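> For reference, the structure I am asking about is given below.
Residue numbers (my numbering): 48 to 765.
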């Protein structure tokens with residue numbers, strides 16, 4: 048039996064004075080004196096033996112930079128490199144990645160990686176690496192890296208400025224780990240041995256980097272990031288054309304070695320990739336991930352409160368979005384913003400965010416201040432206690448602002464449990480909102496405890512949201528609800544055969560309405576069997592037993608003028624679903640997800656498919672197809688709902704990219720084209736050409752809205 052230790056490996060980092068040329072040759076004398084660290088463990092397909100293809104890591108540092116040299120072994124040169132675009136995904140391609148826990152807290156880490164072609168990626172890891180949501184690749188920083196491919200290995204050489212990290216002056220050690228994806232041998236390996244029931248980037252299992260002398264001040268530069276954006280657009284629905292010329296920018300300062308001060312003025316996010324559309328057949332709003340760079344670094348300080356699905360008090364995408372007079376979501380300009388975030392010491396983190404949005408008198412939108420203050424204190428080995436205060440408030444008096452919208456505030460306390468080996472994790476919170484003329488039923492609270500072992504996973508979770516609880520900057524699916532969500536899962540690990548592991552699980556969700564004498568409003572019981580194969584493909588079968596009490600009539604087809612399903616009735620319905628993900632290492636791969644069964648008082652058949660094809664490393668394409676056939680009894684509507692989204696990504700080299708995303712939604716009666724040409728002419732400095740086109744598709748195919756953007760950004764270090 049393997050003992051999975053958390054701190055039994057070290058790598059020594061030698062201090063140097065001689066210059067290092069980053070060319071993946073490693074021929075400087077200092078590299079010859081550096082001690083290599085190796086003995087990687089398999090993580091996949093097993094976690095109990097040494098990796099077949101090893102990696103050797105050497106590290107050096109001087110007063111300004113950390114240098115990393117690696118020799119990554121492989122059985123040949125047949126690497127899988129789907130794209131030359133920065134911040135690539137690890138799965139399905141060859142790469143080597145390093146994680147640095149610079150405050151030794153097991154909660155947050157800086158992440159750097161590369162593939163054999165020298166394409167770089169960086170990310171921030173939060174939440175202890177317990178959840179994919181805590182792996183954020185939107186973060187960017189300046190660093191350099193090169194690779195050189197040989198017959199049975201490739202050499203990696205990096206220079207990462209110490210200013211790219213945040214750490215305490217005088218520190219002598221960081222927690223550290225590394226992982227390697229080798230597609231030719233179908234092997235994933237880690238420097239520290241990580242059990243397969245944990246994610247490969249878990250921060251519970253890390254060794255140590257020992258610096259030869261204490262780290263000094265990082266002396267980070269002041270970063271000024273101005274932009275110029277021109278826009279030409281036409282709304283064909285209103286026959287209004289407009290053009291705009293916009294100047295703004297960001298500034299980044301480091302206070303001490305570990306606090307960030309970020310400023311933004313007149314920000315513009317026109318270069319951000321458009322959201323992938325979703326078919327929504329539910330009664331509730333759907334949340335989409337934040338992709339705006341300003342909100343990313345230390346985002347967990349602000350966003351990881353409450354329950355991410357049912358009661359999240361701060362959802363940054365609320366800033367910059369408002370409702371028009373017809374209750375449609377529209378862009379609301381951000382005038383300026385400031386954010387202070389980071390570590391005050393090894394145990395205490397602080398976050399302050401303040402954003403001012405502009406008024407829009409035509410749509411009766413006031414100028415509003417949006418503020419968040421948070422503090423997080425480390426407890427025990429990897430747990431933490433957090434406090435937050437949120438305030439949204441118009442800063443001028445307007446006749447159209449109702450009394451109930453004069454302000455909205457939320458105060459909360461959260462405790463996140465994470466045991467040293469991540470066997471036990473939990474989330475416990477209590478939040479109270481403050482709004483005019485509301486004095487009761489304004490509480491949200493929850494408790495979740497989960498146990499992970501190699502063979503068993505148990506969870507019990509509960510969330511309560513009061514009828515009058517309100518967080519205007521948050522994501523609250525519904526109020527007046529008490530929900531429990533237990534889970535029991537058993538995992539099996541065959542010793543031979545094509546199956547790497549398989550599991551069975553039962554996961555019920557029960558919801559009650561406290562204000563109606565705890566009447567049961569919904570339940571869903573999910574029974575699953577999931578299989579992971581040795582070739583990395585996956586298969587799952589699931590059964591959903593559902594009960595819904597509709598309090599109001601509802602039309603899931605969203606058909607104009609149709610008779611909705613009656614409210615004040617009970618609906619019991621069962622459906623069945625299958626999922627198959629093919630081997631992503633193949634040139635052509637696919638995901639299939641059919642389902643069939645009852646749907647309220649009718650039936651529904653659905654098929655979701657994702658097809659991917661590449662000509663590496665310059666061309667990759669995918670096709671998303673979602674189809675829902677809904678059949679309801681007369682006089683209620685039937686519907687055939689399509690969502691089709693082809694995507695093409697051409698990477699001419701490491702600095703020039705062209706991406707096109709086409710989407711057709713029959714539910715929204717919209718056909719859209721988003722195409723972006725990006726030229727990275729200097730480190731983190733870009734020229735974007737963005738074209739958007741939208742068409743009506745209901746009765747006639749006709750233009751709806753069209754725009755053309757030219758945006759230039761430049762990252763200047765002073």
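All C-beta atoms in this analysis are idealised placements derived from N, C-alpha and C, irrespective of residue type, glycine included.
Note that this is a predicted model, so its numbers are computed, not measured.
If you run the structure through DSSP and keep just helix, strand and coil, what is residue 337?
coil
> What residue does the beta strand (DSSP E) around residue 507 start on, and which one ends it?
503-512
> Hey, how far is the Cα of residue 486 from the Cα of residue 689?
Using only the alpha carbons, I get a separation of about 45 Å.
> Which residue marks the beginning of the beta strand (DSSP E) containing residue 384, and which one marks its end?
For residue 384, the enclosing beta strand (DSSP E) starts and ends at 381-390.
> Please list the terminal residues of the continuous alpha helix (DSSP H) segment that includes residue 473.
Not the alpha helix (DSSP H): residue 473 falls in the beta strand (DSSP E), residues 471-481.
> Use the C-beta contact count for residue 255: other C-beta atoms within 10 angstroms, 16 or more gives buried, fewer gives exposed.
buried
> If you draw a straight line from the alpha carbon of residue 491 to that of residue 108, how long is it in whole angstroms?
Going from the Cα of residue 491 to the Cα of residue 108 covers about 48 Å.
> Count the other CB atoms, across all protein chains shown, that sit within 10 Å of the CB of residue 58; report buried if there are 16 or more and exposed otherwise.
buried
> Return helix, strand or coil for residue 48, following the three-state DSSP convention.
Confidence in residue 48 is poor, its pLDDT being 47 and thus under 50, which makes the residue's placement unreliable; the coordinate value appears in the next sentence. In this structure, residue 48 counts as coil in the three-state DSSP scheme.
> Would you please state the rounded distance, in angstroms, between the beta carbons of residue 677 and residue 604? I believe it to be under 8 Å.
6 Å
> Taking 8 Å as the cut-off, does the region 476-483 touch the region 446-466 (at least 3 CB pairs, one atom from each stretch)?
yes
> By alpha-carbon positions, which one of 398, 717 and 652 ends up nearest to residue 434?
Residue 434 has its Cα closest to that of 398, out of 398, 717 and 652.
> Quick check on the burial criterion: 16 or more other C-beta atoms within 10 angstroms. Buried or exposed for residue 71?
buried
> Bridge partners for residue 117 per DSSP, in chain order?
104 and 203
> Mapping the DSSP letters down to three states, classify residue 163 as helix, strand or coil.
Residue 163 falls in the coil class under three-state DSSP.
> Which residue wins for smallest C-alpha separation from residue 389, given the options 588, 214 and 510?
214
> Do the region 194-208 and the region 115-128 meet, that is, are 3 or more Cβ pairs less than 8 Å apart?
yes
> Which residue from 104, 181, 711 and 359 puts its Cα closest to that of residue 250?
181
> Please report how far the alpha carbon of residue 697 lies from the alpha carbon of residue 600, in whole angstroms.
47 Å
> I need the straight-line Cα distance from residue 148 to residue 351, nearest angstrom please.
19 Å
> Within 10 angstroms of its Cβ, does residue 48 collect 16 or more other Cβ (buried), or is it exposed?
Unreliable positioning characterises residue 48 in this predicted model, as indicated by a pLDDT of 47, which lies under 50. The coordinate reading is nonetheless provided below. With fewer than 16 other Cβ atoms within 10 Å, it is exposed.
> Please look up how many angstroms separate the CB atoms of residue 123 and residue 161, rounded, as I've assumed it's under 8 Å.
With a Cβ gap of about 19 Å, residue 123 and residue 161 do not count as contacting.
> Suppose the cutoff is 7 Å on Cβ atoms and the five residues either side in sequence are ignored; what does the same chain contact list for residue 537 look like?
502, 503, 550 and 551
> Touch check for the region 225-234 and the region 84-95: three-plus C-beta pairs under 8 Å?
yes
> Using the Cα positions of residue 407 and residue 379, report the straight-line distance between them to the nearest angstrom.
One C-alpha to the other measures close to 8 Å.
> How about residue 639 and residue 658: are their beta carbons less than 7 Å apart?
no
> I need the DSSP call for residue 365, collapsed to helix, strand or coil.
helix
> On the three-state DSSP scale, how would you describe residue 524?
Coil at residue 524, not helix or strand.
> Let me know if residue 266 comes out buried or exposed under the rule of 16 or more other beta-carbons within 10 Å of its beta-carbon.
exposed
> Would residue 674 pass as a contact of residue 654 if the rule is Cβ separation under 7 Å?
yes
> Report the rounded CA-to-CA distance for residue 104 versus residue 110, giving the unit in angstroms.
Approximately 20 Å, taken between the alpha carbons.
> Residue 668 CB to nearest chain B CB: under 7 Å?
Given the protein chain composition of this structure (a single chain), no chain B is represented.
> Run through DSSP, which three-state label would residue 173 get?
Reduced to three states, the DSSP call for residue 173 is coil.
> Between the beta-carbon of residue 14 and the beta-carbon of residue 762, is there less than 7 Å?
This structure cannot settle anything about residue 14, because the visible part of the chain is limited to 48 through 765.
> Which word fits residue 500, buried or exposed, when buried means at least 16 other C-beta atoms lie within 10 angstroms of its C-beta?
By the 16-neighbour rule on beta-carbons within 10 angstroms, residue 500 is exposed.
> With three or more beta-carbon pairs closer than 8 Å as the criterion, would you say the region 67-84 touches the region 120-137?
no
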